[in-house]
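Going down the list, the sequences are from chains A and B. The numbering of the first sequence is the UniProt record's numbering, which starts it at 1 and goes up by one. The numbering of the second sequence is the UniProt record's numbering, which starts it at 1 and goes up by one.
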Amino acid sequence: MHSVIYPLVNSPVPNDLELAIPGSIPFFNVLIVIALIAHLIFVNIVVAGAVYTVWNEVKAIRKKDPVIDRLAYQIATQVTIHKSIAVVLGVAPLLVISTIYTQYFYPSTILIGKMWLALIPLLIIAFLLLYVYKFTWEKWSHRKAVHLSFGIAGTGILLFLPLVFISNATSMLNPQMWEGSRGFFHSLFYYPTIWQKYFHFMSASFTVMGMYMYWWGRKKSLKHSDPVYTEMKNFGKKSAFLFALLQLLAGPILLLSLDSQVRSSFLGGSLFHSALLVTAAILAVIWIAMLLQLIRHESKRLFVSSLALLLVIMGLMGWIRGEVRGLYLAPYMDESPRTVHTVK
Amino acid sequence: MDFPTIDFGWLGNGNLIGLMAVVHVFINHAAAIGGSILMVSIEYMAIKQNSEVLDRYARRLSKWILIITTTVGAMTGVGIWFATMVIEPTAIGSLLRIFHWAWFTEWIIFVSEVVLLLIYFYMWDQWSGEKKKLHLRTGIALCVMSWLTMVIITGILAAQINPGNWVKTLSFWDAFFNPTWLPSTIFRTFAAITLAVAVMTPLVGWFVKESKDRHLVLKMLGKWLVLSVPMMFIFGFWYLKSLPDQAQTLVVWATGMSSFMFLFINVLGLLLILVLGAMLLDGKPKFPIALAMFTGLFSLTLIAEFEIIRENIRKPYVIYNYMYANGVLKDRVELYKKEGALANSKFSKVKEVTEENKIQAGEELFRMQCIQCHTIDGVRGNRAMTVRINGWSEEAIARFIPHLHEVRPTMAPFAGNEKEVEALAAYLHKMVLEANGANTQAVGSK
């Protein structure tokens with residue numbers, strides 16, 4: 001496995017641009033955490049929602065259950081709405097990362113440039129497929145196989161695309177590996193931590209989608225006695241809990257796959273980093289216990305507090321992510337500093 | 001120069017950005033800006049006339065606008081950014097440093113535009129009766145937001161071609177409120193409405209079957225058209241005059257047409273659109289479908305032509321008087337000529353030209369300084385080396401390279417030392433010979 005070389009003799013990182021970064025870097029770093037979490041919540045809902053739509057439609061066909069079919073349709077509608085917001089919310093974190101990590105993010109992007117550009121047609125196709133899927137739900141109710149194939153195709157693309165972002169974000173932290181990089185598919189098995197991050201991201205997606213479905217189903221079932229909302233609520237609760245448990249596995253796996261020096265910072269090497277991780281881990285365990293309570297008894301208060309706690313945990317995770325980035329890049333930053341004042 | 005390079009081969013790197021931009025502008029102008037204005041105008045008319053048919057028509061339009069703008073529209077917008085990020089990283093990186101907060105503001109507006117569009121479509125049936133006014137206001141807010149995103153992006157695009165005092169002051173405000181911003185913003189606004197009317201008119205008969213309602217819609221479209229076409233003329237002229245002198249002279253050249261053809265086609269086309277507007281004002285439910293079809297197609301061509309001109313007249317710069325189209329800073333050229341471009345490039349595998357690595361060094365240089373616009377053998381003949389330097393000797397190419405910007409003012413100067421000139425010439429000569437040789441053989445064997 002690789003390790004970060006301290007100190008760097010020949011940094012592979014290009015010099016920063018001549019024009020200064022227009023603002024305070026710590027402020028930008030906070031902005032990345034907030035903007036990225038907002039974006040990821042919507043992406044989580046879209047990716048896991050698309051899977052759950054297909055899953056429930058298949059279940060409805062097999063059980064011949066119209067309630068589950070309507071549940072699938074409800075999720076499909078939410079997916080198409082949330083995907084529009086997910087896209088626009090993705091602009092802000094990319095904007096900030098491009099501006100303050102130009103020297104790292106641009107090379108890592110260009111090295112997988114063809115796949116990076118392929119994101120555009122792939123996302124367009126996925127979104128259009130999912131629109132067809134949603135808008136033909138009733139019209140094609142007697143042609144379920146055709147209908148389902150649109151959902152499966154759209155969902156398949158959405159399951160693949162996070163790998164492109166993960167691959168880019170991982171490559172930007174490993175400049176010393178750029179020279180050996182041979183495009184996107186090679187990157188998937190070349191850089192460390194990619195699949196661990198994918199596993200972490202996917203289990204987070206189904207957790208967040210579960211919470212969303214529980215919230216939506218609960219809100220609606222207070223007003224309507226439609227069984228579809230009860231189904232949604234119960235399905236959501238179970239999904240949130242099960243995948244939260246999986247997170248307890250995904251988190252440590254990711255932690256162990258990090259660079260040894262970065263990992264050791266979080267495992268006692270640095271008091272600050274270790275405290276950050278321990279706090280997040282304890283809160284995560286408390287949160288899972290709350291979810292378990294929620295499955296047993298319905299309670300608005302419990303739900304609201306678990307949601308608030310989830311947001312706090314996500315905030316901490318985002319912060320940790322920022323710290324990990326900082327630790328990986330620190331030696332390069334010393335070698336090729338960022339432009340904070342324009343020299344003219 | 002400072003980043004890795006990428007080669008999209010036969011398609012051409014620049015064409016890829018252009019393609020993305022043209023598709024985006026079609027959708028953004030015709031659907032998001034012009035289309036929304038017309039859609040909300042129709043809803044307003046439906047309320048005034050108490051017409052259920054017109055209300056349904058506006059609702060159907062909103063569904064199509066939602067689908068198209070949140071898929072192809074939004075993604076090609078992001079796509080322009082992605083494409084420039086991998087092809088012109090230094091240029092887009094610098095623009096982001098100058099305009100970060102303008103882009104950030106545009107992002108906030110963009111988010112509200114999408115949210116408003118979602119509310120507008122999904123609340124159509126819920127917000128009826130007393131709440132209808134609220135729905136209409138949501139639509140108006142949507143139009144304002146989609147227009148504002150264009151206002152901000154136009155500021156950035158206009159600064160690329162005429163950054164005014166920014167080059168001296170490096171002040172954001174000087175860059176944003178550049179001399180070209182206002183005329184180009186107003187020009188684009190009316191171009192968007194014209195485009196939307198032109199695209200929508202042939203489809204009215206399909207959406208609105210009743211002749212009474214069709215009459216009302218066509219009349220409204222006619223009104224927008226007779227207002228927009230003259231405004232395009234006026235602000236288009238002002239826009240032209242606000243360009244740097246050299247860019248003004250390049251407008252006709254950028255289209256590849258003769259001056260006469262350029263004037264003839266554009267003026268006649270716009271006049272025909274105006275004629276359609278006048279005929280629509282009449283509101284007759286039947287109108288010449290051929291003219292409507294022509295208007296639709298011509299408007300799309302016009303907007304594509306406009307974007308191509310805008311990109312081409314900026315040459316040799318990507319940010320005027322600051323950075324050349326290949327991403328080399330104007331004030332770095334002399335340094336690279338002295339010290340060599342390869343020695344100053346982090347990602348080049350060759351740092352110094354030798355007899356052994358000459359061809360490889362040439363390729364690195366081609367990728368660093370030429371590939372942004374040129375291809376070896378590609379879809380656009382006038383940018384393909386197999387056409388431009390067909391039959392040239394290696395020595396002739398080497399003699400031409402140091403002077404190419406003097407002979408062709410649209411070319412950026414080559415920023416490299418003498419050895420690098422020779423390496424580039426050797427590489428180009430070899431590649432052209434191979435490509436043309438292969439073509440000749442292929443033709444010969446047929």
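We put the beta carbon where it would ideally sit given N, CA and C, even for glycine. The model shown is predicted, which means the values in this text are computed figures rather than measured ones.
Given a length threshold of 3 residues, each whole run of the beta strand (DSSP E) inside the region 312-344 of chain B is given here in chain order: 317-319. For S167 (chain A), the nearest beta carbon of chain B is not closer than 8 Å to its own beta carbon. By the Cβ rule, the region 53-63 of chain B does not count as touching the region 1-18 of chain B, because fewer than three pairs are nearer than 8 Å.
Contact between the region 295-309 of chain B and the region 192-201 of chain B is established, with three or more Cβ pairs separated by less than 8 Å.
Residue contact check for G79 (chain B) against chain A: a CB pair falls below 8 Å. Within 10 angstroms of the beta-carbon of E88 (chain B) lie 16 or more other beta-carbons, which makes it buried. Going by C-alpha positions, M123 (chain B) is about 16 Å away from I67 (chain B). The C-alpha of K300 (chain A) lies about 53 Å from the C-alpha of G180 (chain A).
Residue-level contact by beta carbon fails for G154 (chain A) and chain B, as no gap is shorter than 8 Å. Leaving aside the five residues that flank A240 (chain A) on each side, the residues in its chain whose CB is nearer than 7 Å to its CB run, in chain order, T207, G210, M211, Y214, L291. The closest CA to that of F3 (chain B), considering only A:F105, A:Y198, A:L31, is found on A:F105. Its Cα nearest to that of S36 (chain B), the residue B:T194 stands out among B:R408, B:M75, B:T194.
DSSP assignment within the region 42-105 of chain B yields the following whole alpha helix (DSSP H) runs of 4 residues or more, N-terminal first: 52-68, 74-87. L249 (chain A) is classed as exposed because its beta carbon has fewer than 16 other beta carbons within 10 Å across all chains shown. Burial state of Q126 (chain B) is exposed, judged by a 10 Å Cβ sphere holding fewer than 16 other Cβ atoms.
S84 (chain A) belongs to the set of residues whose beta carbon lies under 8 Å from a beta carbon in chain B. At a C-beta separation below 7 Å, V86 (chain B) has these neighbours in chain A: T109, I110, G113, W116, L117.
Burial check for G381 (chain B): the Cβ neighbour count within 10 Å stays below 16, so the residue is exposed. Q248 (chain B) counts as exposed, since fewer than 16 other beta carbons sit within 10 angstroms of its beta carbon. Buried is the label assigned to V350 (chain B), since at least 16 other Cβ atoms lie within 10 Å of its Cβ.
Exposed is the label assigned to Q293 (chain A), since fewer than 16 other Cβ atoms lie within 10 Å of its Cβ. Contacts with chain B at 8 Å (Cβ-Cβ) include E18 (chain A). For K114 (chain A), the uninterrupted alpha helix (DSSP H) segment begins and ends at 113-135. Its chain contains A58, L136, G139, I140, L142, C143 as the residues whose beta carbon lies nearer than 8 Å to that of V40 (chain B), once the 5 sequence neighbours on both sides are disregarded; these appear in chain order. Apart from the 5 residues on each side of it in sequence, W181 (chain B) sits with its Cβ closer than 7 Å to the Cβ of T154, G155, A158 in its chain, given in chain order. Measuring C-alpha to C-alpha distances from L300 (chain B) to each of B:E339, B:L329, B:L270 identifies B:L270 as the nearest.
Put simply, of B:S211, B:V387, B:E307 the residue whose alpha carbon is nearest the alpha carbon of G283 (chain B) is B:S211. The Cβ neighbour count for S393 (chain B), taken over all protein chains shown within 10 Å, is under 16; the residue is labelled exposed. By a beta-carbon distance limit of 8 Å, A415 (chain B) does not contact V22 (chain B). Their separation comes to about 30 Å. With a minimum length of 4 residues, the unbroken runs of alpha helix (DSSP H) contained wholly in the region 219-282 of chain B fall at 245-255, 259-281.
In summary, no residue of the region 156-187 of chain A has a CB separated from any CB of chain B by less than 7 Å.
For the set B:T189, B:I152, B:F104, B:A46, the Cα lying nearest the Cα of K133 (chain B) is the one of B:A46.
Here F127 (chain A) is near K83 (chain A), since their CB atoms are less than 8 Å apart. Sixteen is the threshold: when 16 or more other Cβ atoms of the shown chains lie within 10 Å of the Cβ of H24 (chain B), as they do, the residue is buried. Neighbours of L329 (chain B) across chain A, judged by C-beta separation under 9 Å: E18. If you look at L11 (chain B), you'll find it isn't in any alpha helix (DSSP H); DSSP assigns it neither H nor E.
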